[in-house]
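**Student:** In the numbering used here, the protein residues as written are 8 to 317. This is the structure, below, for whatever I ask next.
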């Protein structure tokens, strides 16, 4: 085929790819958010962070000191009153956890763990790891609005929020790479929720595990993309139709396994088990396409382009 025609064809395909990726993103997802409790703006789905946060030390495989929670956070029937922010992308409750090699969920371990982005990270040269608790103000209003949108049958009112943010942190031995993500713990009454928010994620060959896991993996959830080569897709997928955000209710005390059992068998949780407005067990039914749907379309076009080039 004539080289000029090949070039023109490839340019057209790339244009279609670009239009597909941009047309499915809700522009509101990338709007700035004002707050009186923190910095003036936050990018994408991230909650406010920065001003007023406690900054964790610059240390490879480090952790925060034990953080006393201003309100207990119920994690699948267990009320916890302290938490650790571990630098390698996860939270633990009973002790700090330095392990940098992620365990694939279900891990059948002896600890409860919340992992927005578990991999080998290093904040010694670039990036900041910080955290903060809220018991009043606009952050609680934002969380109340978000949870009632994602779980509309609950009539939920937030009275406590904990935010941990990894801002532009590098992968280990890869200085200059930047990864931004966040985990938000939300509590009110007897209900508790987790939001996992993703900003820009640099590509890597490292394994990544995102989701949560409980003792003996009675409850666990692994976000699609974990332990796969498409790690950057966390910024574009969602189960609540908000690009780069995953939401889970975590106050349940029973397993969703079928049949009676004295020790329930591990099962991957349905984050919307209590919300009958979400038909699919992974993606919440909403307006437009979820991030994963248009990412699948994008991958199909990339495959098509590869075939044409061969």
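Yeah, the Cβ is synthetic: ideal placement off N, Cα and C, and Gly gets one too.
Closer than 8 Å is the cut-off here; do at least three beta carbon pairs connect the segment 80-88 with the segment 58-67?
**Tutor:** Verdict: no, contact absent.
**Student:** Contact check, residue 122 vs residue 218 under 8 Å by CB: the rounded distance?
**Tutor:** Contact holds; Cβ gap of about 6 Å.
**Student:** Could you give the residue range of the alpha helix (DSSP H) that holds residue 147?
**Tutor:** Counting along the chain, the alpha helix (DSSP H) containing residue 147 begins and ends at 145-157.
**Student:** Give the range of the beta strand (DSSP E) segment to which residue 199 is assigned.
**Tutor:** Note, residue 199: beta strand (DSSP E), 198-208.
**Student:** Note down the Cα distance separating residue 241 from residue 208, rounded to an integer number of angstroms.
**Tutor:** Cα to Cα, residue 241 sits roughly 8 Å from residue 208.
**Student:** Is the beta carbon of residue 56 closer than 8 Å to that of residue 172?
**Tutor:** Contact: yes.
**Student:** Taking Cβ positions, are residue 188 and residue 112 nearer each other than 8 Å?
**Tutor:** For residue 188 and residue 112, no; Cβs fall outside 8 Å.
**Student:** Identify the continuous beta strand (DSSP E) that holds residue 122 and give its terminal residues.
**Tutor:** Element bounds for residue 122: 120-125.
**Student:** Using three-state DSSP, classify residue 319 as helix, strand or coil.
**Tutor:** Lying outside 8 to 317, the shown extent of the chain, residue 319 is not represented and no answer is given.
**Student:** The beta strand (DSSP E) with residue 255 in it runs from where to where?
**Tutor:** Where residue 255 is concerned, the enclosing beta strand (DSSP E) stretches over 252-256.
**Student:** Using alpha carbons as the reference points, say which of 152, 236, 157 and 175 lies closest to residue 164.
**Tutor:** Considering only alpha carbons, the answer is 152.
**Student:** When the Cα of residue 181 is compared with those of 212, 238, 74 and 252, which residue comes out closest?
**Tutor:** Ranking 212, 238, 74 and 252 by Cα distance to residue 181 puts 212 first.
**Student:** Could you pull the start and end residues of the beta strand (DSSP E) that residue 94 belongs to?
**Tutor:** Run containing residue 94: none; DSSP gives neither H nor E here.
**Student:** Return the residue from the list 81, 54 and 92 that minimises the CA-CA distance to residue 69.
**Tutor:** The option with the nearest alpha carbon to residue 69 is 92.
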